[in-house]
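Student: This structure is in structure tokens; I'll ask about it shortly.
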Amino acid sequence: MKGHGRDDATPAAQAPGGPGPAVSTGPAQMDALLPVPTPLLEARHLVREYRVGGAFTRRRQVLRAVDNVSLQVFAGETLGIVGESGCGKSTLGRCLLRLDDPTGGEVLFENRDITRLGERALRPLRRRMQMVFQDSYSSLNPRRRVGDLIAEPLRVHPAPEGSSRTAAAIRARVEELAELVGLSAAALSRYPHQFSGGQRQRINIARALALSPALVVADEPVSALDVSVQAQVVNLFADLQERLGLTYVFIAHDLSVVRQIANRVAVMYLGAVVEMGDADAVLHSPAHPYSAALVSAVPEPVVGLPDRRTVLTGDVPSPVSPPSGCRFHTRCPAMRPVCRSEAPKLRPLGGEFRSVACHFPLTAA
Amino acid sequence: MTATPGFPLLEVEALTISLPARGGGWTDLVRDVSFSLAPREILGLVGESGSGKSLTALALMGLVDAPGARITGSARYRGRELLGLKKREMQLLRGAEIAMIFQDPMTAFTPVYTVGAQIDEQIRAHRALSRAGARARTVEMLGEMGVPDPARAADRYPHQLSGGLRQRAMIAMALSCNPSLLIADEPTTALDVTVQAQILGLLRRLRRDYASAVLLITHDMGVVAETCDRTMVLYSGSIAESGPTDALFLQPGHPYTAGLLDSIPPLHGPRPRRLPAIPGAPPSPAQRPQGCSFRPRCAFNHAACLDPPPMLRRGRQDIACVLPAEGRDLPPRPMASFDAPVPA
Amino acid sequence: MLMALLGRLGQTLLVLLGISVLVFAVFFATPGADPTARIAGRNASPETMAAVRHEYGFDRPLPVQYLRMMDKLFVTRDLSSFVDHGQKVVPEVLRAAPVTLSLVGGAAAIWVAASVTIGTIAAAMRGSWIDRGLMMLGLVGISMPVFWLGEVANLVTQSRYHHSWLFSWVPGLGYVSLWRDPSGWFAHLVIPWIVLAVLFIGIYGRVLRADLVASFDEDFMRTARAKGLSDSRVLLHHGLRTSMITFVSLFGLDFAQLVGGGALLTEVVFGLPGVGRLTYQALNNLDLPLIMATVMYSAVFVVLANAVVDLVYLLLDPRTR
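Residue numbers (the working numbering), protein chains in the order written: chain A, 1 to 365; chain B, 366 to 709; chain C, 710 to 1030.
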């Protein structure tokens, strides 16, 4: 799998380290029956707005955290979502799992519109899609043992038809999960505070996997960890994907981590996707000036690099009143008059899965 | 990138910071740390959380206030001993000669005063200036740190500024009395990468514009690589390795440094299928293993590691590991990712 | 800003309306609580009952009764007591209000000054025996009931040691208006002030100390020290100023409830004819108009104080602006 199958027809076949283009494992096989790969998860013109304004200030404003985002996630692949704080990537992640209610647009999971499903109708789907958060500590109840925490989803959700969940079956499953994420059996009877950040994130992952989901949305799952531990958890994500055929949406601000784990990336700026495509293509030859600036700003642990940095000036504008036209024009080093008046649409660029929202993309094809 | 030669600005010798241990005795949080800093030099102090890097900096500032903490060794600033300095004398030094900036500029400013008022306060604590005089200096400093419309920004409260502007204001405050040494504790960790790039650029400029030396504390090897003249790697309270940044990054001498560098996913070049991660986690200071504290996580662990590692010199690097003495140097790393295309 | 103030005023009025309806409902519209019987007295003849009912409007629908009540309370202000026939209720409350305000205002000044001093000193010397001693004292102050402390104070200053040089200046129990005799006003009130303040000095001193000690761990306190400021400047200018935000919100609520009649025990013990004592009397006789008036008065104060606290909050904490 050298070169990560950059020329493969579908990203669905690009499970990292997968045996070959046509074969994938786990849930991806279901899709293999269909002639055209259908996405496991799809967002269509997704919008999430918040009303902002204090109790004393009467001015109520609308903050568009997610602005008309359309994307597809194929079975077995990892879609990385990158962007700076406040770009809406976390909100997007929550909307994709319906942990947050979109204001507009649609979310389709396994070809089913889940945008307006009620909580009861969502419940059976919840087992198929799980989330892992950044803060490994606050998402674990400190007063419960690790074994119980991992078992919780098994106890809460009814067993699939034709099987039963006895206490023994749950215990066996919990032990299996612990082994899967690299926790010792002894760990199960201890409490979250007795673990390091990396171990706690393993617990969170085990819990997310308890119901054998098809999709895991991970929101900055390694950014609170120290580098040496971060690498372990990144490896764990990759191993689990390979073994279980998982599909990931991996949200992070760290471009190198995303590049390590994602097949494709979407770059977000002020609520919108400005560029999307194969991870190495986007990160090595970015087409959008913002992606380019983002990549060039990453300090690399290598000496002797030529200074080829495009340092952006100023700060990200407020999402309450985004700039007219192209939302990046206020900081863009290649801004031209049309950028101020006309908002560029996300349009295909070269390859099938590459698209960019820029009037003057940096790479042509 | 070589250090300016000359008399050291700061000389730290055998700095040890301990807390009373449960059940008697002492737990060393920082152990036997020695280094020196030349004028206008940028020294990077890297380590993971709990490595003692922030505590080292706080000890230099006389700001360690954990109850019962014991600080031994010596830290001489321009030949003057800082440890055990009288409170009043330390206050005269702090902010004027040695300034410090912190990780989160949001919480590091007092929320109820304007940014300008807080900078004025520092200037007036050290200089006999009128209110108006101090404010003029404040506005000048904010302007020099690249804060747009500095006079207006000075009248704003910390929460009204963006993260990047807050950190600029923090640096403006730290530099307002022209200190010779700036200690920056994770100054860009709370910031986005594009803003981080701006702030690091600012820090690199300090030596030229203000003749300041910088002690940069960070966990980010990337930040060190592109900012620091020399680098010192801390592991579990002790120095694992120190040396000129280019030498240290080209051929790390300590397996921990090498492991740390390897576990960072590369942004360019071939993508490893798995990251070469360091197994396990750093020990807590109270439960360090015997001998080298990196021993349980180290791939080169052998009998000699049961003794405390000696600090050995190899070329321009100081390495707290027996491998160089045994003639088993770690392999050099690639110079730079040459296949990284230069963006148009 | 003007809009914000107007909005706040509207909210205040709405709250007052709610409270008045609630109180009215409890006393007048509760089944079995026929006010006519109370006013007319026991064993009154049906004719008398009918006359009273008509006179007070109890034969009208409830909303009308409510409106008449409010009209008498706020517009014509001639609502009269049921028990003390002819005694106008509103002037009675207005006469009692300055007494309570004098008592609570003075006590508040003492407790704010004392608790800020104690809390700050204790925090500055945290861990020392001075800190521990002050906090112990605070706890003692909290645990002494105000009526007991008041009685002890009376015993000491009024009888046991009244003739000693120390307490010979203490006048008898009661109240003298500030305008008529300022020094007498002070002499009458200084002991009640202290007695009422003791509890709050204890509470506020401890709260402030805890808040200040917690603030030493704040990043901005470390920054202030790193700037080379003196310890006292760090403590007062940065620590205390920030801790004042919690202090003030606590203070506003306590002050309001005391002015609204919460200083009842102190007033009774020291024979001060304040609102608390008036409420106490009204409740004893189930004098509905008087209860209505005192409750509304107290509600006005609590709501007003809340509004003031919110405004002070805006001044103290720029983040809420």
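C-beta atoms are modelled at their ideal positions from N, C-alpha and C, and glycine is treated no differently.
Is the Cβ of A:GLY277 closer than 8 Å to any Cβ of chain B?
Tutor: Judged by the 8 Å Cβ criterion, A:GLY277 is not in contact with chain B.
Student: Please indicate yes or no: does the CB of B:GLN563 lie closer than 7 Å to some heavy atom of the ligand FAD?
Tutor: The ligand content of the structure shown is nil, which means the ligand FAD is not present either.
Student: Work out the CA separation of A:SER189 and A:PRO142 for me, nearest whole Å.
Tutor: Rounded to the nearest angstrom, the two C-alpha atoms are 13 Å apart.
Student: Apart from the five residues on each side of it in sequence, which residues of its chain come closer than 6 Å, Cβ to Cβ, to C:GLY716?
Tutor: Excluding positions up to five away in sequence, the list is empty.
Student: Grouping DSSP H, G and I as helix and E and B as strand, with all else coil, what is B:SER419?
Tutor: In the structure shown, B:SER419 sits in a helix (DSSP, three-state: H, G or I).
Student: How about B:THR421: is its C-beta nearer than 8 Å to some C-beta of chain A?
Tutor: Output row for B:THR421: interface = no.
Student: Using the three-state DSSP reduction, which class does C:MET758 fall into: helix, strand or coil?
Tutor: DSSP places C:MET758 in helix when its eight states are reduced to three.
Student: I'd like the list of long-range same chain contacts for A:LEU225, defined as Cβ closer than 7 Å, with 5 residues on each side in sequence excluded.
Tutor: Same-chain partners within the cutoff: GLY197, GLY198, GLN201, VAL233.
Student: Does the beta carbon of A:HIS284 come closer than 8 Å to any beta carbon on chain B?
Tutor: True, the Cβ-Cβ gap to chain B drops below 8 Å.
Student: Are the Cβ atoms of B:LEU375 and B:LEU394 separated by less than 8 Å?
Tutor: Not in contact: B:LEU375 and B:LEU394 (Cβ atoms no closer than 8 Å).
Student: Comparing the C-beta of C:THR951 with each C-beta of chain B, is any distance below 8 Å?
Tutor: Yes, C:THR951 counts as interfacial toward chain B.
Student: Considering only residues of the same chain and omitting the five flanking positions on each side of C:SER952, which have a CB-CB separation below 7 Å?
Tutor: Contacts found: LEU917, ASP920, LEU921, SER924.
Student: For the segment 563-588 of chain B, enumerate the residues whose C-beta is nearer than 9 Å to any C-beta of chain A, in chain order.
Tutor: Flagged, chain order: GLN563, LEU565, GLY566, HIS584, ASP585, MET586, GLY587, VAL588.
Student: For the alpha helix (DSSP H) that C:TRP838 lies in, which residues bound it at each end?
Tutor: Looking at the DSSP string, the run of the alpha helix (DSSP H) that includes C:TRP838 is 838-852.
Student: With DSSP collapsed to three states, give me the class of A:HIS45.
Tutor: Strand.
Student: With distances taken from CA atoms, which of A:ALA75, A:SER324, A:GLU77, A:VAL47 is nearest A:ARG94?
Tutor: Minimum Cα distance to A:ARG94 is reached at A:VAL47.
Student: For B:SER702, would you say it is in contact with chain A, using Cβ-to-Cβ distances shorter than 8 Å as the test?
Tutor: Since pLDDT at B:SER702 reaches only 48, below the 50 mark, its modelled position is unreliable, and the value read off the structure follows with that caveat. Yes, B:SER702 lies at the interface with chain A (some Cβ there is under 8 Å from its Cβ).
Student: Please tell me whether A:LEU244 and A:ARG259 are closer than 8 Å, where the distance is taken between their beta carbons.
Tutor: Contact flag unset, no.
Student: Classify B:SER491 as buried or exposed, calling it buried when 16 or more other Cβ atoms lie within 10 Å of its own Cβ.
Tutor: In the sequence on display, residue 491 of chain B carries His and not Ser. Classification for B:HIS491: buried.
Student: State yes or no: is the beta carbon of C:SER877 nearer than 8 Å to at least one beta carbon in chain B?
Tutor: No, C:SER877 does not count as interfacial toward chain B.
Student: Does any residue of chain B bring its CB to less than 8 Å from the CB of A:ASN263?
Tutor: No, A:ASN263 lies away from the interface with chain B (no Cβ there is under 8 Å from its Cβ).
Student: Indicate whether C:LEU810 and C:VAL798 have their beta-carbon atoms separated by less than 8 Å.
Tutor: No. Outside cutoff.
Student: What did DSSP end up calling C:MET1005 once you bin it into helix, strand or coil?
Tutor: Here C:MET1005 sits in helix by DSSP.
Student: Could you give the first and the last residue of the continuous alpha helix (DSSP H) run that contains A:LEU312?
Tutor: Careful: A:LEU312 lies outside any alpha helix (DSSP H) and carries neither H nor E.
Student: Here's a check: name, in chain order, each residue in its chain whose Cβ is nearer than 6 Å to the Cβ of B:TYR522, leaving out the five neighbours to either side.
Tutor: Here the set comprises THR479.
Student: Taking the alpha-carbon positions, what's the C:GLY888 to C:VAL808 distance?
Tutor: Reading the sequence as shown, one finds Trp at residue 888 of chain C and not Gly. Those two C-alpha atoms are separated by around 12 Å.
Student: Below 7 Å on C-beta distance, what does B:GLY624 contact in chain A?
Tutor: Neighbours of B:GLY624 on chain A, chain order: SER228.
Student: Is the beta carbon of C:ILE819 closer than 8 Å to that of C:TRP902?
Tutor: In this structure, C:ILE819 lies closer than 8 Å to C:TRP902 by Cβ.
Student: How about B:LEU420 and B:ILE466: are their beta carbons less than 8 Å apart?
Tutor: Result no, Cβ atoms of B:LEU420 and B:ILE466 do not sit closer than 8 Å.
Student: Residues in the same chain with beta-carbon distance under 7 Å from B:LEU671, minus the five sequence neighbours each way, listed in chain order, please.
Tutor: For B:LEU671, where only same-chain residues beyond five positions count, the Cβ hits under 7 Å are GLN655, GLY656.
Student: Where A:VAL107 and A:CYS339 are concerned, what is the direct C-alpha to C-alpha distance, given to the nearest angstrom?
Tutor: Those two C-alpha atoms are separated by around 30 Å.
Student: Can you check whether the CB of C:MET845 is closer than 8 Å to the CB of C:VAL907?
Tutor: Their beta carbons are not under 8 Å apart, which means C:VAL907 does not touch C:MET845 by this criterion.
Student: Looking at B:SER541: is its Cβ nearer than 8 Å to the Cβ of B:PRO404?
Tutor: No, the Cβ-Cβ distance between B:SER541 and B:PRO404 is not below 8 Å.
Student: Using 8 Å for Cβ pairs, my map puts B:ILE604 next to B:VAL398. What's the rounded Cβ distance?
Tutor: Confirmed, about 6 Å.
Student: B:SER607 lies in the alpha helix (DSSP H); which residues open and close that run?
Tutor: Here B:SER607 belongs to no alpha helix (DSSP H); instead the beta strand (DSSP E) covers 603-609.
Student: Could you check what DSSP says for B:MET409 in three-state terms: helix, strand or coil?
Tutor: The identity of residue 409 of chain B in the sequence shown is Gly, whereas the question assumes Met. It is a strand residue.
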